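Just below is one structure, and these are the notes that go with it.
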Amino acid sequence: MTNKSSKVSGFYKLDLDKRLDFVKDFADLTKEELDIFSKGLDFEIADRMIENVIGSFEIPIGIAVNFQINGKDKIIPMATEESSVVAAASNAAKIARLKGGFTAECSDPIMIGQIQLLNIKDIAGAAEKILDHKKQLLELANAQDKVLVSFGGGAKDIEVRILDSPIGKMLVTHIHVDVRDAMGANAVNTMCEALAPMLEELTGGHVRLKILSNLANKRIVRAKAVFDKDKIGGDKAVDAFLESYTLASIDPYRAATHNKGIMNGIDSLIIATGNDFRAIESGAHAYATKNGQYSSLTKYYKDQDGNLVGEIELPIALGIVGGASNIHPKAKVCKKILGIKTANDLAEIVASLGLAQNFAAVFALSTVGIQKGHMSLHAKNIAVMAGATGEQIDRVAEQMKSENKIKLDRAKEILAEIK
Ligand code: MEV
Numbered sequence: 001m002t003n004k005s006s007k008v009s010g011f012y013k014l015d016l017d018k019r020l021d022f023v024k025d026f027a028d029l030t031k032e033e034l035d036i037f038s039k040g041l042d043f044e045i046a047d048r049m050i051e052n053v054i055g056s057f058e059i060p061i062g063i064a065v066n067f068q069i070n071g072k073d074k075i076i077p078m079a080t081e082e083s084s085v086v087a088a089a090s091n092a093a094k095i096a097r098l099k100g101g102f103t104a105e106c107s108d109p110i111m112i113g114q115i116q117l118l119n120i121k122d123i124a125g126a127a128e129k130i131l132d133h134k135k136q137l138l139e140l141a142n143a144q145d146k147v148l149v150s151f152g153g154g155a156k157d158i159e160v161r162i163l164d165s166p167i168g169k170m171l172v173t174h175i176h177v178d179v180r181d182a183m184g185a186n187a188v189n190t191m192c193e194a195l196a197p198m199l200e201e202l203t204g205g206h207v208r209l210k211i212l213s214n215l216a217n218k219r220i221v222r223a224k225a226v227f228d229k230d231k232i233g234g235d236k237a238v239d240a241f242l243e244s245y246t247l248a249s250i251d252p253y254r255a256a257t258h259n260k261g262i263m264n265g266i267d268s269l270i271i272a273t274g275n276d277f278r279a280i281e282s283g284a285h286a287y288a289t290k291n292g293q294y295s296s297l298t299k300y301y302k303d304q305d306g307n308l309v310g311e312i313e314l315p316i317a318l319g320i321v322g323g324a325s326n327i328h329p330k331a332k333v334c335k336k337i338l339g340i341k342t343a344n345d346l347a348e349i350v351a352s353l354g355l356a357q358n359f360a361a362v363f364a365l366s367t368v369g370i371q372k373g374h375m376s377l378h379a380k381n382i383a384v385m386a387g388a389t390g391e392q393i394d395r396v397a398e399q400m401k402s403e404n405k406i407k408l409d410r411a412k413e414i415l416a417e418i419k
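Its first residue numbered 1, the sequence shown is counted upward by one per residue in the working numbering.
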């Protein structure tokens, strides 16, 4: 993979061909790989992915530049319909690289499967019996996926939980599975189903649910970056940032929006790599309640020199093998652009991007607000809606911005004047 620099100024000013050339050169793409970005999803592929297919739905894919993660330069494909997100991530990465970029690390890729047991007479005894048969249960689970085991993965541990519920006590068995480079849902669900009869036999109970948990709190990724105090406006700016962040740390109303900003970045990369963004979303939001109240997935503080330090921690159930990530042609090229070899490599980029996105949003909010940035693209969209084409789009948008009047009727008037 390339050692080329991901640092680019004014990437947005380049025309499409120049942007594509940069990506081709950075990631050593072939012409065929590059051409994939200008094509829609082939009907036959789409038809194999889901049911009742009538076509495909396109959203833009942009490239976030300037990222440095664990010492390596990265450019990041982001599939999103929201304006300002890609630019904001690139700006945050540019600031972060002044202090060495992002450092990120992952736990082992351990997913949790749940098997729910009901109608057990001696629930404490049943729990003990399950733990006494841990070895046999793990052997049975691992017999379901010899390939995963041959790669060093497989079922590693069993836990039991006794839960009170409105319908009586239930015993929930957790199986911990190292899924290596897969998202892991299929492997874990197969193992859960395979263990059910043995668990019923051991406990005398009835199995109801057998399914993976999206609260993947044994598959955690962390990223960290230092944002240069002077670059972001000095002590006062750092304090303003920390005041803004503090609300997210104590108030679920703000934390939900703060975390939404994180997911703006994360989801866009999850989608670009053909992963399941609902799995990541549910895991992230559930994890955000880990201290008893829904809170921020990031935390910020000052280092001894007064620079702003940001950290993020979240569960990350994603894969680089299996599923759409191996089928969708754009997802395959996106993985090449990212230069990743393992699911953990991807998770580290995901977490760094989430932190960058969050820093950018909170920084904007604690200074000029986010509307300024949003309005630029919004003005262009309004100009297009008014019928502007080519150069007219920028002229109409600029005029509306200078008048602080970004409205369809005004766009139409300006366009008429230009014409
Ligand atoms: C908008 O999509 C995301 C933000 O609201 C995030 C935040 O408030 O931190 C800007």
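Cβ coordinates follow ideal geometry from the N, Cα and C atoms, glycine included. Quantities reported herein were computed from a predicted structural model and do not represent experimental measurements.
Exposure label - residue i; buried when at least 16 CB within 10 Å
i      : result
Pro109 : buried
Thr203 : buried
Glu348 : buried
Asp17  : exposed
Leu171 : buried
Tyr300 : buried
Met78  : buried
Met400 : buried
Leu14  : exposed
Ile418 : exposed
Lys330 : buried
His285 : buried
Leu346 : buried
Gly387 : exposed
Tyr12  : exposed
Leu408 : exposed
Ala411 : buried
Met385 : exposed
C-alpha gap between residue i and residue j, whole angstroms
i      : j      : result
Thr342 : Asp181 : 6 Å
Ile382 : Ile406 : 7 Å
Asp394 : Phe151 : 54 Å
Gly113 : Lys210 : 7 Å
Gly310 : Lys229 : 12 Å
Arg97  : Ile75  : 13 Å
Arg278 : Glu413 : 43 Å
Ile9   : Thr173 : The sequence shown places Ser at residue 9, not Ile. Looking at the two C-alpha atoms, the distance is approximately 53 Å.
Ile280 : Arg161 : 24 Å
Ile232 : Thr367 : 10 Å
Asn189 : Phe241 : 43 Å
Gln68  : Asn307 : 18 Å
Gly101 : Leu137 : 44 Å
Met375 : Asn264 : 18 Å
Ser83  : Val321 : 30 Å
Thr2   : Asp21  : Low confidence applies to Thr2: its pLDDT is 48, below 50, so where it sits in the model is not reliable enough to give any reading.
Thr415 : Ala379 : Thr is not the amino acid found at residue 415; the sequence shown has Leu there. Their Cα atoms are separated by approximately 13 Å.
Cys106 : Leu338 : 17 Å
Leu377 : Ile262 : 21 Å
Phe227 : Ile95  : 6 Å
Ser5   : Ala88  : 19 Å
Ala64  : Gln304 : 30 Å
Gly153 : Glu139 : 13 Å
Closest residue to residue i among the options (Cα-Cα distance)
i      : options                           : result
Arg208 : Leu247, Glu281, Ala256 and Leu117 : Leu117
Ala92  : Gly369, Ser352 and Ile418         : Ser352
Glu32  : Glu417, Lys332, Asn214 and Leu297 : Lys332
Ala361 : Leu163, His258 and Asp303         : His258
Arg219 : His176, Ala194 and Ala256         : His176
Ala185 : Lys236, Ile266 and Leu212         : Leu212
Gly71  : Lys99, Phe57 and Asp47            : Lys99
Asp122 : Ala155, Gly62 and Gly205          : Gly205
Ala104 : Lys372, Ala356, Glu398 and His328 : Ala356
Thr298 : Val179, Phe359 and Gly323         : Phe359
Lys169 : Ser325, Glu201, Ala126 and Leu195 : Ala126
Glu81  : Ile50, Ser268 and Ser296          : Ser268
Asp164 : Ala124, Val179 and Gly283         : Ala124
Residues sharing a beta bridge with residue i, DSSP
i      : result
Thr298 : Ile312
Met111 : Val177
Ser213 : Ile112
Lys206 : This sequence places His at residue 206; Lys is not what is there. According to DSSP, His206 bridges with Leu118.
Val160 : Thr173
Phe420 : Look at the range of the chain in this structure, 1 to 419, and you will see that residue 420 is not part of it.
Arg222 : Glu105 and Glu313
Ala416 : DSSP lists no partner for Ala416.
Val321 : Ala182
Met78  : Gly62
Phe227 : Leu308
Ala187 : Paired residue(s): none; Ala187 is not in a bridge.
Gly154 : Asp178
heavy atom of ligand 2 below 6 Å from residue i C-beta
i     : result
Asn91 : With respect to ligand 2, the structure offers nothing, as its ligand set consists of ligand 1.
Mind the definition here: the region 124-143 touches the region 27-44 only if three or more C-beta pairs lie below 8 Å; say whether that holds. With a cut-off of 8 Å, the region 27-44 and the region 124-143 do not count as touching, because too few Cβ pairs lie within range.
Taking contact to mean 3 or more Cβ pairs, one atom from each stretch, closer than 8 Å, check whether the region 239-247 and the region 313-321 are in contact. These segments do not touch.
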